[in-house]
Amino acid sequence: MAINLAYNIVIARYLGAKDFGHATVVYTLLILLSAITLSLQLIGSKLVAQQETLEGKTAVYRVFNQGSWVVGILVGLGLVLLQKPIANYLNLPDSQLVALIAVGCAYYIPLGSRRGFLQGTLGFRLLATNMIIEQVVRLGGSLALIYAGWGVRGVIIANSAAIVIAYHGVPMRLSGHLPNPLRLSYAARETFQAGIFFAGQMLINNCGIVLVNHYFRATDAGIYAAIAMVGRVIYSMSMAVVNSTFPIVAATSDEERRDLRVIATSLMLVLGVGLGIAVILMVAPAAVWTHLFGSEFQIAGKYNIPYLLAIYALATVIYSLAALIISFEMSYKIANTSWVQLAFSVVLVGGISFFHSSLHQVIFVQLALMAVLFVLVSVPFLVTALTHPKSKSSGAAGQPFRLLRPVSEDEVIAEFLKSDFHRHEFREYHDSLRDLVRDPDFNNPEENAKRRALLFIRHLSLWKELPENTEWFQIEVTEAELENIRIFPRAQWRRIADGDFSATEVADGMRKKPHLLETSFLAKIDAIGDQLRQPDPGLGAVILIGESENTPLTVLDGNHRLVSAMLCSPPRVKKLKFMCGLSPRMNECCWYNSNLVTLFRYARNVLSHTVNNPEADLARLLRNAS
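Last residue of the sequence shown: 627 in the working numbering, with the numbers rising by one and none dropped.
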């Protein structure tokens, strides 16, 4: 992204507004055609990621690479044949500029299949390196040829050369010669749908440059190209997020996708960085841009370059959020929202064609339409997310869990602390409060208050998420009921669960796929197993939560203890004590039911709890006791 920004600034400064506009619109032809490139890359990465062996991944890559070369050659020849009418429409001084970029276009489409292989095999470092090489060659080659006196033609040659070098610079680790594992109809349907998505995306991001070059003077077109540079930077950033998210989501199961933290994190990342850029652009003096781009890049009056830059950035941020949602859905299903995006791209072309009295008007048309597109894409997505929460257990409902006795919240807190007190957050209390934790007196309100304050040092936000009317019980758990207990899906458990987080499936994953787990994690499970073989393990209770004894339960604390007990031979589940919090409102708790509503409530509560200081509360209680 930084290299792309530097490229645009340097080329604009050395070419001037007029020639910068010409160079940008010719390069935009390649970007528009990259709808094909990116559809091959994205679907290729998805299908490669879904293959279990390197031989299978290689076979998928070869299918996509061969097809992409056929398309690339046809596109390149088409541009050469149509170079004169294209140059006339874009008001270019030389039709050969189109022929020069045609070479880059022919290579750019197969480059997508190679990058798709890197994505699908999670070779993100190699992918990033390849993209950097492309940008460095673009920048360095353009500068060298400008200094050699080649001007706009030199810039276009450098851009095509960068694509060729990037293609041959992709390291390919292939294996075997398996037959094509894909159903061609399925692959074609997926690629076509991706093509619809990227066709709309490329038109939305780049039709303004083409139309402004057609309707405005060359100098004004160059100024608009400089403004649109900001959009390309933000778009490149959002695509980096998509490139990282897409193969991960494609390889997950349905339940894992409903854990919306991946998409929420991506949206917040794009929104935060994009809005930050927009604010910086708004407050930056106009002289900054004149200094960067050159004296020709200035607009007098209210709608000066900083103002237009900020508005354009805002429009691009809004669109990037919509595109991210569409990409998320595309990673695991055919997303019909792609057609909505394509329709809006056509509307955008029509809108700019009708309303182009000034650059300000052109940009505001884009802002208004992108806001409408975001609403149309995000509302159905939110409705689905809010009304189809993540399933709480994959196990079939069986007999109710047996409630042995009611217990107080104070007793549950004591059990929680018993298993947690060794952590470094409590190190300064290990000596002074050890007896308080090991030998609790639940009839002593002062002790109960101290244990509560001690727990809240580490788990305030966790505990405050539980509904106020939660009732606590000690329950009996038999081996037959383990399939109705769900491990909370976090960290290491995700690697082995395959999206099914019932305790039985997680334990089975531990047996079959220990190589996916870190050595320290396995050592911890083994150490707990050794404790369970002792007559008195001395372990804290496994804390569960649920809506009632008739519904599946989720582990709030004790994942490791439960799984370790199940892995023992014979199983040692009977050695564990189980306590369970039940509430009809447990569905509102993010530890039991993760969706956008519960995660938002959790984020809000975390902010509200920042004013609390559990350590100060504990210190006050200790002072009062002394």
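The beta-carbon is built from N, C-alpha and C at its ideal position, and this holds for glycine as well.
**Item:** DSSP three-state assignment for Gly295, whether helix, strand or coil
**Value:** coil
**Request:** Starting from Asp558, follow the beta strand (DSSP E) in both directions and report where the run begins and ends.
**Result:** Leu554 to Asp558
**Identity of the residue in Cys569, Arg562, Glu550 and Glu482 nearest Ser584 by Cα** = Glu550
**Prompt:** With which residues is Gln475 paired in a DSSP beta bridge?
**Reply:** Arg406 and Met580
**Message:** Is it buried or exposed, Gly177, if we count other Cβ atoms within 10 angstroms and call 16 or more buried?
**Reply:** exposed
**Asked** Expressed to the nearest angstrom, what Euclidean distance is found between the alpha-carbon atoms of Arg154 and Gly117?
**Response** 30 Å
**Message:** Measuring CB atoms only, is the region 17-32 touching the region 86-103, in the sense that at least three cross pairs come out at less than 8 Å?
**Reply:** yes
**Asked** My guess is that Gly201 and Phe345 are in contact by the Cβ rule of under 8 Å, so how many angstroms apart are they, rounded?
**Response** 7 Å
**Asked** Can at least three beta-carbon pairs, one atom from the region 574-591 and one from the region 474-486, be found at a separation below 8 Å?
**Response** yes
**Asked** Within 10 angstroms of its Cβ, does Pro111 collect 16 or more other Cβ (buried), or is it exposed?
**Response** buried
**Request:** Let me know the secondary structure DSSP gives Leu91 once reduced to three states.
**Result:** coil
**Item:** Given 8 Å, three or more beta-carbon pairs between the region 371-380 and the region 404-422
**Value:** no
**Asked** Would you call the CB atoms of His357 and Leu309 closer than 8 Å?
**Response** no
**Asked** What residue from Gly45, Leu557, Trp151 and Ala162 has the CA that sits closest to Asn66's CA?
**Response** Gly45
**Asked** What number of angstroms, rounded off, separates the C-alpha of Val137 from the C-alpha of Tyr168?
**Response** 14 Å
**Request:** Starting from the Cα of Asp537, find the closest Cα among Lys576, Glu482 and Gly510 and give me that residue.
**Result:** Lys576
**Item:** Local Cβ density within 10 Å of Val250, reported as buried at 16 or more and exposed below that
**Value:** Caution applies to Val250, whose pLDDT of 46 falls short of 50 and renders its modelled position unreliable; the value that the coordinates give is listed next. Buried, since its Cβ has 16 or more Cβ neighbours within 10 Å.
**Asked** So Ile37 packs on Val72, CB below 8 Å; how close in whole Å?
**Response** 6 Å
**Request:** Using only alpha-carbon positions, find the residue among Leu293, His215 and Val104 that is nearest to Ile10.
**Result:** Leu293
**Helix, strand or coil at Ser549 according to DSSP, with G and I counted as helix** = coil
**Prompt:** Touch check for the region 461-468 and the region 476-487: three-plus C-beta pairs under 8 Å?
**Reply:** no
**Prompt:** From Val76 to Cys106, what distance separates their C-alpha atoms?
**Reply:** 7 Å
**Item:** Beta-bridge pairing of Arg487 - partner residues as DSSP gives them
**Value:** Ser503 and Thr555
**Request:** Please state whether DSSP places Ile166 in a helix, a strand or coil.
**Result:** helix
**Request:** Evaluate Gln535 with the Cβ neighbour count: other Cβ atoms within 10 Å of its Cβ, from every protein chain shown; 16 or more gives buried, anything less gives exposed.
**Result:** exposed
**Request:** For Thr54, count neighbouring C-beta atoms within 10 Å of its own C-beta (all shown protein chains included) and say buried if the count is 16 or more, exposed if not.
**Result:** exposed
**Message:** Please report the distance separating the alpha-carbon of Ile544 from that of Val574.
**Reply:** 14 Å
**Request:** Could you tell me the distance, in whole angstroms, from the CA atom of Ser699 to the CA atom of Asp527?
**Result:** Only positions 2 to 627 of the chain appear in this structure, which leaves residue 699 out of reach.
**Item:** Own chain residues within Cβ distance below 6 Å of Tyr225, not counting five before or after
**Value:** Val213 and Leu360
**Asked** Apart from the five residues just before and just after Ala219, which ones in its own chain have a Cβ nearer than 6 Å to its Cβ?
**Response** Lys19 and Gly22
**Prompt:** Helix or strand or just coil, what does DSSP make of Ile544?
**Reply:** strand
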